[in-house]
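For the sequence shown, the positions run 0 to 284 when numbering that gives the first Met the number 0 is used.
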Amino acid sequence: MDINSSTKLYGIFGHPIGHSFSPPMHNAAFQKLNLNCVYLAFDILPQNLSAAVNSIRQLNIQGINVTIPHKQEIINCLDEISDEAKYTGAVNTVKNNDGKLFGHNTDVGGFLKDLEVEFGIREFSEISACLIGAGGAARAVLSGLCMKGIKKVVIANRTKSKASELANYFLKRFSGIEINSADLKDHSEIKKCLENSNLLINSSSPGMTGHDPLNIPLDSLPKNSYVYDLVYNPKETELVKQAKSLGHRSASGLGMLLYQGAESFEYWTNKKAPIDVMKKALGNN
Ligand code: NAP
0 MDINSSTKLY GIFGHPIGHS FSPPMHNAAF QKLNLNCVYL AFDILPQNLS
50 AAVNSIRQLN IQGINVTIPH KQEIINCLDE ISDEAKYTGA VNTVKNNDGK
100 LFGHNTDVGG FLKDLEVEFG IREFSEISAC LIGAGGAARA VLSGLCMKGI
150 KKVVIANRTK SKASELANYF LKRFSGIEIN SADLKDHSEI KKCLENSNLL
200 INSSSPGMTG HDPLNIPLDS LPKNSYVYDL VYNPKETELV KQAKSLGHRS
250 ASGLGMLLYQ GAESFEYWTN KKAPIDVMKK ALGNN
């Protein structure tokens, strides 16, 4: 790649950021489309976020992805945000339009796109989901499911009060949808939740490399259900393996990562993202 005085700059703000899969994915896409653009990772401490966002304007950075721990806080520094970002209460993509900063959340579309690609799910009126976790990723998942008009969701979290808060937040915005909360530590509550679901989504951290696996009575899920694990490191989690062995259709979060990246790319460049090239770049990590 030739870097010169016309090269446009993109990047990701996070802390820590060394683990990010986004730079190889976006740089591969820029190269494939012969765009004079480069994507870098910036390690931004929370106390420096506002100055870093100002630098987007000062340095004419074209677009930024945002990851932990800045997804919520950055909203206060932006000029406008999309509906997806509003419902989620988080931004993972910023576009610089001549100094005006727009925030969007492509985790929502990335999650929905991967459910469609992996399971063929486009219609949600007959789907009852059990969603594990109540953090930032859970909010993106819930936004997508509610915007698509899902029939029913139970949010199960280790800290039940957070699941209840999330349920109330979304009930106020999507009054037609049945949203309940459960205590992930209560075995019988989780068992009941799984028995009444046909889609299980893990948006909590267990299962990640270096963490304990998720411990739930997966055999309570009805036969031929769908299991989606947002965790993508390792590429196939214990939950996905176990779900496959029980005959469920199951996928990990690598596809969501790919499609949120593709949506960010298209949001910034107005060009169709080269999915195959981006997927290959992710696979090399
Ligand atoms: P977060 O905001 O920090 O939330 C973490 C969630 O995990 C909380 O619900 C937390 O419960 C739960 N948790 C943590 N440790 C736990 C344990 N030992 N047992 C049970 N629950 C536990 O993080 P996040 O941004 O939502 O991310 C969560 C996961 O999703 C991460 O693995 C991340 O890599 C993945 N993710 C994937 C994608 C993708 O594109 N595939 C996108 C975003 C995130 P408490 O409320 O009780 O603390």
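For every residue, glycine included, the Cβ atom is placed at its ideal position computed from N, Cα and C.
Say yes only if the C-beta of Met24 is nearer than 6 Å to one or more non-hydrogen atoms of the ligand NAP, and no if none qualify.
Flag unset: Cβ of Met24 not near the ligand NAP.
Taking the alpha-carbon positions, what's the Lys234 to Asp113 distance?
For Lys234 and Asp113, the distance between alpha carbons rounds to 15 Å.
Residue burial classification, His186 (beta-carbon count within 10 angstroms, cutoff 16):
Its Cβ having fewer than 16 others within 10 Å, His186 is exposed.
Extent of the continuous beta strand (DSSP E) run through Leu253
Looking at the DSSP string, Leu253 is not in any beta strand (DSSP E); the run it does join, the alpha helix (DSSP H), is Leu253 to Thr268.
I think Asn197 touches Ser127, with their Cβ atoms under 8 Å apart; what is that distance to the nearest whole Å?
About 6 Å separates the two Cβ atoms, so the contact holds.
Mind checking which residues open and close the alpha helix (DSSP H) that includes Glu188?
Its alpha helix (DSSP H) spans residues His186 to Glu194.
Which residues does DSSP list as the beta-bridge partners of Ala272?
Bridge partners of Ala272 according to DSSP: none are assigned.
Rounded to a whole number of angstroms, what is the C-alpha to C-alpha distance between Gly135 and Ala89?
A direct Cα-Cα distance of roughly 7 Å separates Gly135 from Ala89.
By DSSP's criteria, Phe12 is part of a beta bridge. Which residues make up the other side?
In the DSSP assignment, Phe12 forms a beta bridge with Phe41 and Val65.
Hey, would you say the C-beta of Ala272 is under 6 Å away from at least one heavy atom of the ligand NAP?
No, the Cβ of Ala272 stays beyond 6 Å of every heavy atom of the ligand NAP.
Looking only at C-alpha atoms, which of Ala51, Lys159 and Val152 sits nearest to Ser174?
Its Cα nearest to that of Ser174, the residue Val152 stands out among Ala51, Lys159 and Val152.
Which of helix, strand or coil DSSP assigns to Asn47:
DSSP, read as helix, strand or coil, puts Asn47 in helix.
Can you tell me where the alpha helix (DSSP H) holding His25 begins and where it ends?
From DSSP, the alpha helix (DSSP H) with His25 extends over Ser21 to Lys31.
Under 6 Å from any heavy atom of the ligand NAP, does the C-beta of Ser202 make it?
In this structure, Ser202 has its beta carbon less than 6 Å from a heavy atom of the ligand NAP.
Buried or exposed for Pro205, going by 16 or more other Cβ atoms inside 10 Å?
Pro205 should be labelled buried.
Given 8 Å, three or more beta-carbon pairs between the segment 207-225 and the segment 177-192:
Contact check between the segment 207-225 and the segment 177-192: three or more CB pairs, one atom from each, fall below 8 Å, which counts as touching.
Would you decide whether Arg138 is buried or exposed? Buried here means 16 or more other CB atoms lie within 10 Å of its CB.
Counting C-beta atoms within 10 angstroms of its own C-beta, Arg138 has 16 or more neighbours from the protein chains shown and is therefore classed as buried.
CA-to-CA distance, Cys145 to Ile154, given in whole angstroms:
Ile154 and Cys145 have their C-alpha atoms some 13 Å from each other.
Flag this pair as yes or no: are the beta carbons of Val107 and Glu83 separated by less than 7 Å?
Yes, they are a contact pair.
Assigned secondary structure, Ser244 (DSSP; H/G/I helix, E/B strand, else coil):
DSSP places Ser244 in helix when its eight states are reduced to three.
For Asn91, three-class secondary structure by DSSP
If DSSP states are grouped into helix, strand and coil, Asn91 belongs with coil.
Contact between the segment 228-248 and the segment 258-272: three or more CB pairs below 8 Å?
Taking 8 Å as the limit for Cβ pairs, the verdict is that the segment 258-272 does not touch the segment 228-248.
Please report how far the alpha carbon of Ala261 lies from the alpha carbon of Met277, in whole angstroms.
Distance between the alpha carbons of Ala261 and Met277 is about 8 Å.
Ala133 CB to nearest heavy atom of the ligand NAP below 6 Å
Result yes, Cβ under 6 Å from the ligand NAP.
Which two residues bound the contiguous alpha helix (DSSP H) that contains Gly17?
Careful: Gly17 lies outside any alpha helix (DSSP H) and carries neither H nor E.
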